[in-house]
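These protein sequence lines map, in sequence, to chains V and X. Okay, so the first sequence: first residue is 8 according to our numbering, each after it adds one. Okay, so the second sequence: first residue is 1498 according to our numbering, each after it adds one. Following: one structure in structure tokens, then a few remarks.
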Amino acid sequence: MNPELLILIALFTPLIGAIVALLLPTRPRAAAWTAIVASSITLAAGLALVQLSSDGSAHAIHAGNWKAPFGLVLVSDAFSAIMIAVSQLVILASLIFCAFTLPAHFHRRHIYPLILTLSMGTSGAFLTGDLFNLYVWFEVLLLSSFALMAMIRGEKGRAAAWRYVVINLVSSLLFLTAAGLIYGKTGTLNFAELRLRFAEAEASFLIDSSAALLFGAFGIKAALIPLAFWLPRSYPQLPPALSALFAGLLTKVGLYAFFRVFGMVFSNGTTFPHQDVLFIIAIITMVGGVLGAVAQGDMRRILSFHIISQVGYMALALAIFTPLALTAGIFYLGHHIIVKANLFLVTGLVERHVGSSDLGMVRGVARSSPLIALLFAVPALSLAGLPPLSGFFAKFALLNSSLSIHEWTAAAAIVLVGLLTVFSMLKIWRAVFWGEPAKSGPGPLKVLALTSGILSVITIAIGLAAGPLIDLAGQAANGLLNPEAYLDAVLHSQP
Amino acid sequence: MEILISATIGILVAAGIYRLLGGTKVDIIVGLVLISQGANLIILASGGLKHNAPAILTDGTKNTDAMADPLPQALVLTAIVIGFGILAFMLTLLTRSSAK
């Protein structure tokens, strides 16, 4: 199928699905099916795009046939395609969990249209080739996520929603200001055109201040310490089906923006603005996040702090900025989205099974439901980085890249944080899964166990097929460092 | 003109941050609105300020000196609409949380 059509399918199927689901307010089951079908189609389009761009090619659509850099462009290269495919996989799994686990009041409030518009926002953010358009897609997915957050009931839930909304608005304002300043300085917002401008060395000092604003904006969205403390105070309040969606996707969209804008647009192929700051912040984020996780006593909160720590790993990959490190970072992104979402989904299964996810109140799940224990073990061990699961290769590639340029601090942090991750996973395992079962409800629904099981199988498969997948991530990394194909698709193959 | 606009942006953002740190939810909303107006003005000023210049030339000439940059105007329009939507959402959140 031709790539232009696939890009449009990836972008507009969620929108069409949202409109159809919006017309079915009284029939949540039909709306859920609509959402699942729309998300499956988008997933298929994403996989087809991955297959098309796996040779390093890029494909662009010039909206309204306006010539770049004047009109909007949507571009799909290997990195965008990988992100679309992985994110749709997680959205699909989360939709299935939403359909079976959410309390009734969620179903009455247009939850499926909101998830689909969020899905469209992520696809748009991954595909756009324009800074201001990236801002608009961020707003699309943020507004959907605000509305989903606002559905949580109770005093704590409302406080969480309020905090989430305010901090994200601050981030959006930083982004907007930076976009205005960059337009004022360069006269363009097109990624390809900006890359060409910044490749000229004397322009680099121009960008530093605006890049700092964008650093703050993306840093809040990606949850880098010291901008991360909103996350563990808001995500755990969501029901697990939704927190899987938020945890898997939203911070990773921020990281994608970091990789795309700092790694490609502002860089000259060897460095980018504020690289040293990012390096230090990444290490602080890794260590701080995992120490926070070790100190918590609830599965949801431990996993939320782990998001921060893992975001640090990916930011470190960007900060090292060699081809090997970027490859590791992109592989890590893909692996992490699946694993993290799966862990939250399994937390949902544990809560349905025993009624709580507090480490002090739950025990013996391994005996009362071995299936849940198995479903937890695979992503948990993968997150900790044990071979042959996906996390091992992600961490190994990153460690390898930091050793190859003699960054001993980074290497030490990678190993230490990995160890503490194992420790906090063991903490969950020891408290929740070992021991005599106290009280337990029914086992997991077959369809939910199957959904989580498929994500686990994918985690194992990524580990077993690590070679070809690292090659694919390498293509994506090369597309960021040497974006000739990207520039060519945007600027030269004109309509 | 540039100095006036710069000063306005500075005052708006400073006042916005002051209100943002005020503590109550209304303070936060007012603060965010002020800062977003400052951001909008930055975008508008980013294309260069011109007095009485049209954004679209209709007389067939190509004298771009007499023309205002239309792109920042389009961008700021988008930003205003998004900001307005978010303001409405925040006010809803505020009334809902104070009603219950």
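Cβ atoms here follow ideal geometry from the backbone N, Cα and C, with glycine treated the same way. Since the structure is predicted, the reported quantities are computational estimates derived from the model, not experimental observations.
Own chain, CB closer than 7 Å to residue i, minus 5 neighbours either side, in chain order
{"i": "K402(V)", "result": "G392, I421 and G425"}
{"i": "G131(V)", "result": "L18, W144 and V147"}
{"i": "Q244(V)", "result": "I159, K163, G164 and A167"}
{"i": "P120(V)", "result": "A25, A28 and L29"}
{"i": "A417(V)", "result": "I290, L323, I327 and S409"}
{"i": "Q482(V)", "result": "S61, G63 and A85"}
{"i": "I91(V)", "result": "A17, G53, L56, S130 and F133"}
{"i": "V1510(X)", "result": "I1532 and G1535"}
Those residues which DSSP pairs with residue i across a bridge
{"i": "A67(V)", "result": "V82(V)"}
{"i": "T135(V)", "result": "L81(V)"}
{"i": "D305(V)", "result": "D365(V)"}
Three-state secondary structure (DSSP) of residue i
{"i": "D215(V)", "result": "helix"}
{"i": "N140(V)", "result": "helix"}
{"i": "N197(V)", "result": "strand"}
{"i": "I159(V)", "result": "coil"}
{"i": "G1520(X)", "result": "coil"}
{"i": "K453(V)", "result": "helix"}
{"i": "S61(V)", "result": "coil"}
{"i": "I1553(X)", "result": "coil"}
{"i": "I1540(X)", "result": "helix"}
{"i": "I232(V)", "result": "coil"}
{"i": "N72(V)", "result": "helix"}
{"i": "F328(V)", "result": "coil"}
{"i": "I6(V)", "result": "The structure shown has nothing for residue 6(V), since chain V only spans 8 to 502."}
{"i": "N407(V)", "result": "helix"}
{"i": "M1564(X)", "result": "coil"}
{"i": "K1547(X)", "result": "coil"}
{"i": "A445(V)", "result": "coil"}
{"i": "F153(V)", "result": "helix"}
{"i": "T49(V)", "result": "helix"}
{"i": "A472(V)", "result": "coil"}
{"i": "I435(V)", "result": "helix"}
{"i": "P35(V)", "result": "helix"}
{"i": "H360(V)", "result": "helix"}
{"i": "I412(V)", "result": "coil"}
{"i": "K402(V)", "result": "helix"}
{"i": "K1559(X)", "result": "coil"}
{"i": "R170(V)", "result": "helix"}
Presumed contact (8 Å Cβ cut-off) between residue i and residue j, rounded CB distance
{"i": "A85(V)", "j": "L488(V)", "result": "Rounded, the Cβ-Cβ distance is 12 Å, inconsistent with contact."}
{"i": "N140(V)", "j": "L79(V)", "result": "6 Å"}
{"i": "T184(V)", "j": "I1539(X)", "result": "5 Å"}
{"i": "L1541(X)", "j": "P1569(X)", "result": "6 Å"}
{"i": "I1526(X)", "j": "L1588(X)", "result": "7 Å"}
{"i": "W169(V)", "j": "K1522(X)", "result": "7 Å"}
{"i": "R202(V)", "j": "V294(V)", "result": "Between V294(V) and R202(V) the Cβ distance is about 33 Å, and since that is not below 8 Å, they are no contact."}
{"i": "F279(V)", "j": "F266(V)", "result": "Between F266(V) and F279(V) the Cβ distance is about 10 Å, and since that is not below 8 Å, they are no contact."}
{"i": "L252(V)", "j": "S376(V)", "result": "With 8 Å as the limit, L252(V) and S376(V) do not qualify as a contact, their Cβ atoms being about 24 Å apart."}
{"i": "L331(V)", "j": "A404(V)", "result": "7 Å"}
{"i": "A254(V)", "j": "A373(V)", "result": "Not really, about 24 Å apart at Cβ, beyond 8 Å."}
{"i": "G299(V)", "j": "I315(V)", "result": "7 Å"}
Residues near residue i in its chain [Cβ-Cβ closer than 6 Å; skip 5 each side]
{"i": "S1595(X)", "result": "none"}
{"i": "L498(V)", "result": "A75 and A199"}
{"i": "P247(V)", "result": "F351, T354 and G355"}
{"i": "L59(V)", "result": "P10"}
{"i": "T217(V)", "result": "The sequence shown places Ser at residue 217(V), not Thr. The answer, listed in chain order, is A185, L188 and I189."}
{"i": "S389(V)", "result": "V346, L396, S397, G398 and T466"}
{"i": "F383(V)", "result": "V353"}
{"i": "L262(V)", "result": "A229 and M321"}
{"i": "I98(V)", "result": "S46 and S126"}
{"i": "A264(V)", "result": "F225"}
{"i": "H313(V)", "result": "A300"}
Close-in-space but distant-in-sequence residues of the same chain around residue i (CB under 8 Å, 5 per side omitted)
{"i": "A492(V)", "result": "G63, S64, A65, D84 and G486"}
{"i": "S241(V)", "result": "M156, A167, A168, R170 and Y171"}
Closer than 7 Å: residue i CB and nearest the ligand MN heavy atom
{"i": "I287(V)", "result": "Because no ligand of any kind appears in the structure shown, any question about the ligand MN cannot be addressed here."}
(message) Tell me which residues of the segment 161-174 of chain V have at least one Cβ-Cβ distance to chain X shorter than 8 Å, keeping chain order.
(response) R165, A168, W169, V172 and V173
(message) Give me the subset of the segment 1546-1574 of chain X whose CB atoms are less than 8 Å from a CB atom of chain V, sorted by chain position.
(response) L1568, P1569 and L1572
(request) Residues of the segment 116-144 of chain V with a CB closer than 9 Å to any CB of chain X: list them in chain order, please. (result) F139, Y142 and V143
(request) Below 7 Å between beta carbons is the criterion; list the residues of the segment 66-81 of chain V that meet it against any residue of chain X, in chain order. (result) none
(request) Taking only beta carbons into account, state which residues of the segment 1577-1596 of chain X come closer than 9 Å to chain V, listed in chain order. (result) I1579, G1580, G1582, I1583, F1586, M1587, T1589, L1590, L1591, R1593 and S1594
(message) What are the residues in the segment 1526-1537 of chain X lying within 7 Å of chain V by C-beta distance?
(response) L1529, I1532, S1533 and A1536
(request) Mind checking the segment 215-230 of chain V against chain X and listing, in chain order, the residues whose C-beta falls within less than 7 Å of any C-beta there? (result) none
(message) Tell me which residues of the segment 327-356 of chain V have at least one Cβ-Cβ distance to chain X shorter than 8 Å, keeping chain order.
(response) none
(request) Check distances from the C-beta atoms of the segment 234-257 of chain V to those of chain X and list, in chain order, the residues that come in under 7 Å. (result) none
(message) Against chain X, which members of the segment 448-476 of chain V pass a CB distance test of less than 8 Å?
(response) none
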